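Inspection log for the structure reproduced underneath, given as structure tokens.
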Amino acid sequence: RKGVELLARSPLFKGIACHVVMVGADTGDNRTQLEWALDSLKGAGHEAQGEIRAGEVEETLRTYQKDHAIEMVVMGAYGHSRIRHLLVGSTTTSVLRRTSLPVLLLR
166 RKGVELLARS
176 PLFKGIACHV
186 VMVGADTGDN
196 RTQLEWALDS
206 LKGAGHEAQG
216 EIRAGEVEET
226 LRTYQKDHAI
236 EMVVMGAYGH
246 SRIRHLLVGS
256 TTTSVLRRTS
266 LPVLLLR
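Okay, structure coming up:
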């Protein structure tokens with residue numbers, strides 16, 4: 166939500182086309198969140214489109230980026246304990262290591 170709210174409010178991002186991609190199951194809750202994000206961005210004057218896609222996060226986002234000529238990634242960064250990070254890794258870290266696009270991390 167923070168990323169969508171920042172993009173919607175910030176004069177730095179006025180008028181840019183936005184893509185909202187949720188990686189996960191196509192559930193009612195995810196559909197509601199996606200619709201909220203798209204409505205918020207469109208209400209702020211952005212051209213916005215979005216999808217819910219199943220799959221592994223990094224590969225799914227990378228494919229979407231290539232298919233839609235995405236130029237910048239905005240994503241949330243969530244804090245986890247060091248032990249959890251060592252055991253399961255970090256999606257954020259992995260995306261940062263593998264993308265060649267500029268990334269804006271929000272926390």
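Every number in my numbering is 165 more than the matching position in the sequence shown, counting from 1.
The beta carbon of each residue, even a glycine, is placed where N, CA and C say it ideally should be.
Bear in mind that the values here come from a model prediction, so they are computed numbers and not experimental data.
Do you know whose CA, among Thr225, Val239, Thr258, Ser255, lies nearest Ala182's CA?
-> As a working note, residue 182 is residue 17 in the sequence shown. Of the candidates Thr225, Val239, Thr258, Ser255, the one whose C-alpha sits nearest the C-alpha of Ala182 is Val239.
Buried or exposed: where does Leu226 fall if 16 or more other Cβ atoms within 10 Å of its Cβ makes it buried?
-> Within the sequence shown, residue 226 is the residue found at index 61, counting from 1. Result: buried.
With burial defined as no fewer than 16 other Cβ atoms inside 10 Å of the residue's Cβ, what is the status of His233: buried or exposed?
-> For the purposes of this step, residue 233 is identified with residue 68 of the sequence shown, where counting begins at 1. Under this definition His233 is an exposed residue.
Could you have a look at Ala202 and say whether DSSP puts it in helix, strand or coil?
-> In the sequence shown, the residue the question calls residue 202 occupies position 37. Note: Ala202 maps to helix in three-state DSSP.
Which partner residues does Glu212 have in the DSSP bridge list?
-> Residue mapping note: residue 212 aligns to position 47 of the sequence shown, counting from 1. Glu212 is bridged to Ala182.
Where Leu266 sits in the DSSP three-state scheme = To locate residue 266, count along the sequence shown from 1; it is residue 101. In the structure shown, Leu266 sits in coil (DSSP, three-state: anything other than H, G, I, E or B).
Burial state of Ser205, where buried means 16 or more other Cβ atoms lie within 10 Å = Locating residue 205 in the sequence shown gives position 40, where the first residue counts as 1. Ser205 is buried by the Cβ-count criterion.
Return the bridge partner residues of Leu271 from the DSSP annotation.
-> Position 106 of the sequence shown, counted from the first residue, corresponds to residue 271. Looking at the DSSP assignment, Leu271 forms a beta bridge with Gly241.
Determine the direct distance from the alpha carbon of Ala173 to that of Arg263, and round the result to whole angstroms.
-> Numbered from its first residue, the sequence shown carries residue 263 at position 98. Numbered from its first residue, the sequence shown carries residue 173 at position 8. Their backbone Cα atoms lie some 27 Å apart in a straight line.
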